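Asker:
Chains as they are written, first to last, in the working numbering: chain A, 1 to 114; chain B, 115 to 446.
(1) Just the Cα atoms here: how many angstroms apart are residue 67 of chain A and residue 46 of chain A?
(2) Given residue 168 of chain B, which residues of its chain have a CB within under 6 Å of its CB, disregarding the five upstream and five downstream residues?
(3) Please determine, among B:340, B:341, B:303, the residue with the shortest C-alpha to C-alpha distance to residue 331 of chain B.
(4) Would you list the one or two residues that DSSP bridges to residue 47 of chain A?
(5) On a Cα-Cα basis, can you pick out the residue from B:299, B:194, B:308 that is closest to residue 453 of chain B?
(6) Measure the alpha-carbon distance for residue 408 of chain B versus residue 89 of chain A and round it to whole angstroms.
(7) So residue 403 of chain B packs on residue 417 of chain B, CB below 8 Å; how close in whole Å?
(8) What separation, rounded to the nearest whole angstrom, lies between the Cα atoms of residue 196 of chain B and residue 220 of chain B?
(9) Mind pulling the chain A residues with CB within less than 8 Å of residue 181 of chain B?
(10) Between which two residues does the alpha helix (DSSP H) carrying residue 61 of chain A extend?
(11) Any C-beta of chain A sitting closer than 8 Å to the C-beta of residue 241 of chain B?
(12) Go to residue 381 of chain B, then tell me how far its beta strand (DSSP E) extends in each direction, as first and last residue.
(13) Using a Cβ-Cβ cutoff of 9 Å, what residues of the segment 144-163 of chain B are near chain A? List them in chain order.
(14) Is there contact between the segment 132-142 of chain B and the segment 33-41 of chain A, where contact requires at least three CB pairs shorter than 8 Å?
(15) Please report how far the alpha carbon of residue 272 of chain B lies from the alpha carbon of residue 259 of chain B, in whole angstroms.
(16) Anything in chain B within Cβ reach of residue 113 of chain A, meaning under 7 Å, just list it in chain order.
(17) Between the C-alpha atoms of residue 198 of chain B and residue 96 of chain A, what's the straight-line distance to the nearest angstrom?
(18) How many whole angstroms separate the CB atoms of residue 244 of chain B and residue 374 of chain B, which I take to be in contact at a CB cut-off of 8 Å?
(19) Classify residue 425 of chain B as buried or exposed, calling it buried when 16 or more other Cβ atoms lie within 10 Å of its own Cβ.
(20) Taking 8 Å as the threshold (beta carbon to beta carbon), is residue 428 of chain B in contact with chain A?
(21) State yes or no: is the beta carbon of residue 52 of chain A nearer than 8 Å to at least one beta carbon in chain B?
(22) Taking the continuous beta strand (DSSP E) assigned at residue 268 of chain B, which residues delimit it?
(23) Drop a sphere of 10 angstroms on the beta-carbon of residue 359 of chain B, count the other beta-carbons inside from all chains shown, and report buried for 16 or more, exposed for fewer.
(24) Just grab the DSSP bridge partners of residue 325 of chain B for me.
(25) Determine contact between the segment 73-91 of chain A and the segment 344-356 of chain B, defined as no fewer than three beta-carbon pairs at a distance below 8 Å.
(26) For residue 120 of chain B, decide whether its Cβ has a neighbour in chain A, counting only Cβ atoms nearer than 8 Å.
(27) Pick from B:281, B:264, B:250: whose alpha carbon is nearest that of residue 296 of chain B?
(28) Just curious, the beta strand (DSSP E) that residue 248 of chain B is in, first and last residue?
(29) Which residues in the same chain as residue 512 of chain B place their Cβ atom closer than 7 Å to its Cβ, once the five residues preceding and following it in sequence are excluded?
(30) Who pairs with residue 23 of chain A in a beta bridge, going by DSSP?
(31) Apply the 10 Å Cβ neighbour rule to residue 346 of chain B and answer buried if 16 or more other Cβ atoms are within range, or exposed otherwise.
(32) Would you grab the beta carbon distance between residue 339 of chain B and residue 321 of chain B for me? Rounded to a whole angstrom, and I think it's under 8 Å.
(33) Is the segment 98-111 of chain A close to the segment 142-149 of chain B, with three or more CB pairs under 8 Å?
(34) Please state if the CB of residue 5 of chain A and the CB of residue 87 of chain A are separated by a distance shorter than 8 Å.
(35) Consult DSSP for residue 232 of chain B and reduce its assignment to one of helix, strand or coil.
(36) Give, in chain order, every residue of the segment 72-92 of chain A whose Cβ lies closer than 8 Å to some Cβ of chain B.
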């Protein structure tokens, strides 16, 4: 299992949670909610990271993500999280802001696999 | 299978999550061998491995079954959709079609098992490691001694006695936890096996190691009185000629030290409740009626109830005696 290079993103990381659940409610009535499957695995996180880095580091990130090809998952421990998680990066954008500086925007989607 | 615990749980305001499991059992005649494949649309919390239910592993696999609802009194024909992105199901289908051409798993049994997260096996949850440190008092190894006594048998006034290092049957002092070697290789020891016993008469063999035959080269009796259990009333004697050949042993305690032992135990616990492999919803058992789609992403099967297979039709409407009084009666 590959681990994301230890390059820190810039401030402004977004973390989105949207647990999967089944909800039954008719009109404005009472609502029932239940989880199918183990609750922890029904709450994948989505992180949006922006890396303001040098061209060298940008290449390192890009090479890493290209090698995963958005199918293979990788380990990464976002700043402030207690433990490492497994992610898949579906899309990433690289913008060369000026000479030798690049901005990479990535969306990491948490997956639950060995 | 028992629904009683499920019933109790479902009446709570906030029941535990539902775990849906599927088993696919092939038929020996139709498919070559009776094999059971187990699937679950998710992973466990133990390193994201396969979910374990009642001791069986359910392979993690995107799988979904829909259409179990009964509508208009008709038997449901649910559809089962399994991921085929990695070709797993194609492999099973090809295997089956080698036995019966064009079978496509028709006639295989699909069972839908549902249980609650609180009843699944403890192995589905992360391993917790508990470290306990125990402190015990032991004999200080620095205070231990190893003493070798060269044993000879001498005749004093017509009576044979043991002489240790040339001194006639002395009272000897020992420390618990130390090592004392009685070297009986001198030929005068022949026929005089030296052993340890309690004054009460009971022989004492804990920590006693005998090597060779007394009187021959290399023969010795090694005594390691255990700490803290070795009794205080021990003596050395000859098993043939009795207590008079030896004398008593004064048993002292050595200096002690404390030793910390760290033991690590790992365990897995279901934090949601108590695992109960019998607690499940009534199983729904269907037969695969046909394969309705197979593409790069998914394989879809149409399921039918056991008595609703192709070619066999349940009557559309039942006639009962309320509507037709002659049903079930003989006319004389």
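Glycine residues also receive a C-beta, built at the ideal position from the N, C-alpha and C atoms. Note that the structure is predicted; figures quoted are calculated from it, not measured.
Answerer: Per the coordinate set shown:
(1) 21 Å
(2) 391
(3) B:303
(4) A:15, A:108
(5) Nothing can be reported for residue 453 of chain B: it is not among the residues displayed for chain B, which extend from 115 to 446.
(6) 28 Å
(7) 6 Å
(8) 15 Å
(9) Correct list: empty, because the minimum Cβ distance to chain A is about 16 Å.
(10) 55-68
(11) no
(12) 370-381
(13) 154, 155, 156, 157, 158, 159, 161, 162, 163
(14) yes
(15) 35 Å
(16) 157, 162
(17) 40 Å
(18) No, residue 244 of chain B and residue 374 of chain B are not in contact; Cβ-Cβ is about 16 Å, not under 8 Å.
(19) The predicted position of residue 425 of chain B is uncertain, since its pLDDT is 48 and thus under 50; a value taken from the coordinates is nonetheless stated next. Its Cβ having fewer than 16 others within 10 Å, residue 425 of chain B is exposed.
(20) Only weak support exists for where residue 428 of chain B lies, its pLDDT of 49 falling under 50; the value from the coordinates is given anyway. No, residue 428 of chain B lies away from the interface with chain A (no Cβ there is under 8 Å from its Cβ).
(21) no
(22) 260-270
(23) buried
(24) B:334
(25) no
(26) no
(27) B:264
(28) 242-253
(29) The displayed coordinates of chain B run from 115 to 446. Any statement about residue 512 of chain B would go beyond what the structure contains.
(30) A:33
(31) exposed
(32) 6 Å
(33) no
(34) no
(35) helix
(36) 86
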